[in-house]
Amino acid sequence: MHSLLISDLHLCAQRPDTTRLFQAFIRHTAPAAEALYILGDLFEYWAGDDDLDTAFHLEITQTLRALAEHGTRIFIMHGNRDFLMRKELAAACHAQLLPDPVKLDLYGTPTLLSHGDALCTDDTAYQEFRRQVRDSTWQQQFLAIPLPQRKAQIEGLRAQSSAEKQHKSMDIMDVNLQAVHGILQAHAYPRLIHGHTHRPAHHVHHLDGHTCDRWVLGDWDTHANALRCDANSMRWENIPGAPAQTEPPLTLI
Ligand code: LP5
Ligand code: MN
Numbered sequence: 005m006h007s008l009l010i011s012d013l014h015l016c017a018q019r020p021d022t023t024r025l026f027q028a029f030i031r032h033t034a035p036a037a038e039a040l041y042i043l044g045d046l047f048e049y050w051a052g053d054d055d056l057d058t059a060f061h062l063e064i065t066q067t068l069r070a071l072a073e074h075g076t077r078i079f080i081m082h083g084n085r086d087f088l089m090r091k092e093l094a095a096a097c098h099a100q101l102l103p104d105p106v107k108l109d110l111y112g113t114p115t116l117l118s119h120g121d122a123l124c125t126d127d128t129a130y131q132e133f134r135r136q137v138r139d140s141t142w143q144q145q146f147l148a149i150p151l152p153q154r155k156a157q158i159e160g161l162r163a164q165s166s167a168e169k170q171h172k173s174m175d176i177m178d179v180n181l182q183a184v185h186g187i188l189q190a191h192a193y194p195r196l197i198h199g200h201t202h203r204p205a206h207h208v209h210h211l212d213g214h215t216c217d218r219w220v221l222g223d224w225d226t227h228a229n230a231l232r233c234d235a236n237s238m239r240w241e242n243i244p245g246a247p248a249q250t251e252p253p254l255t256l257i
């Protein structure tokens, strides 16, 4: 019995190599797992559930649905790029949407799952933007705009985001240690698994007399990456067609 965790696939029709890796992973690796947790940014961006019927989106949802029908439960969390995913998308994948963060018992270990962007508190420009777009009134108004116009606005935002990222330091775009410690304290010192920063790693935090593991998932733009978790171990899962996973750096904090 084991579960798999992935994040930051950034799937889009323009990146067929990543889509192929995803298909291979879902067809050959994921069926052995009892659950698959997708911790945000499954898609490069998600403009709304009324965009479900493109050939590319149908290919992805059908792939996930086949996995669910085979018997692997699928859980999807919102990322900063696909927080507009709603119940129609979840239904099409036979998946369940998860809140961020969510705490669960993973084979006897209390485990907190999160996308990770909310922990990047030094990135004040992003956090201000995040507050605006996570507001439910803003989302209702945005989703009321015709789909092509929404996509055009998102393209503008993507250009602005990548221009701004050129001038942000790597430190600013990483999680803030106080924010990590805060969330660990607020949830009674669980294990934490998140993505977003694209810096796969295993950190061990010593905090208030507790020891908390923090696993960071990588993105699929460069190296496809998945964590395998069972009652006894946590390790990187090899993905067919992708370079073998090397052990991530272990950092004691
Ligand atoms: O994802 P990544 O790593 O490239 O960058 C993120 C942050 N950028 C984003 C933007 C997304 O990548 C773009 C796609 C999102 C689609 C969402 C759909 C619905 C919203 C549509 C709104 C028009 O999340 C980046 C972080 C980086 O992670 C590291 O943490 O730095 O943040 C930015 O670059 C954001 C800028 O700093 C601030 C941008 C302000 C733009 C304001 C435009 C107005 C939008 C309307 C809001 C009310
Ligand atoms: Mn992200």
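According to the numbering used here, the sequence shown is numbered sequentially starting from 5. Glycine is no exception: its CB is placed at the ideal position from the N, C-alpha and C atoms.
Endpoints, alpha helix (DSSP H) assigned at residue i
i: R195; result: Segment 195-198 is the beta strand (DSSP E) holding R195; no alpha helix (DSSP H) there.
i: Q153; result: 151-170
i: I64; result: 59-74
i: Q27; result: 20-28
i: L188; result: 181-190
i: S7; result: Where S7 is concerned, there is no enclosing alpha helix (DSSP H), although the beta strand (DSSP E) it sits in stretches over 7-10.
i: S140; result: 140-147
i: R135; result: 128-137
Residue i: CB within 8 Å of a non-hydrogen atom of the ligand LP5
i: L161; result: yes
i: T255; result: no
i: F146; result: yes
i: A129; result: yes
i: D45; result: yes
i: R154; result: yes
Residue i CB to nearest heavy atom of the ligand MN below 8 Å
i: D104; result: no
i: G120; result: yes
i: G75; result: no
i: N84; result: yes
i: D12; result: yes
i: G186; result: no
i: G222; result: no
i: H200; result: yes
Short Cβ contact (9 Å threshold) for residue i with residue j
i: V137; j: S118; result: no
i: G245; j: G222; result: no
i: R195; j: T115; result: yes
i: Q157; j: I149; result: yes
i: A28; j: H6; result: no
i: Q189; j: D212; result: yes
i: D12; j: G83; result: yes
Classification of residue i by the beta-carbon crowding that lies within 10 angstroms, buried from 16 upward
i: L254; result: exposed
i: S140; result: exposed
i: I197; result: buried
i: R135; result: exposed
i: G112; result: exposed
i: T215; result: exposed
Where the beta strand (DSSP E) containing residue i begins and where it ends
i: W219; result: 214-220
i: A94; result: Careful: A94 lies outside any beta strand (DSSP E), inside the alpha helix (DSSP H) at 91-97.
i: V106; result: 106-110
i: I262; result: Residue 262 cannot be examined here, being either before or after the span of the chain that is shown, 5 to 257.
i: A39; result: 39-42
i: T255; result: 254-256
The ligand SAH heavy atom lying under 8 Å from the CB of residue i
i: D109; result: Within the structure as shown, the ligand SAH is missing, the only ligands being the ligand LP5 and the ligand MN.
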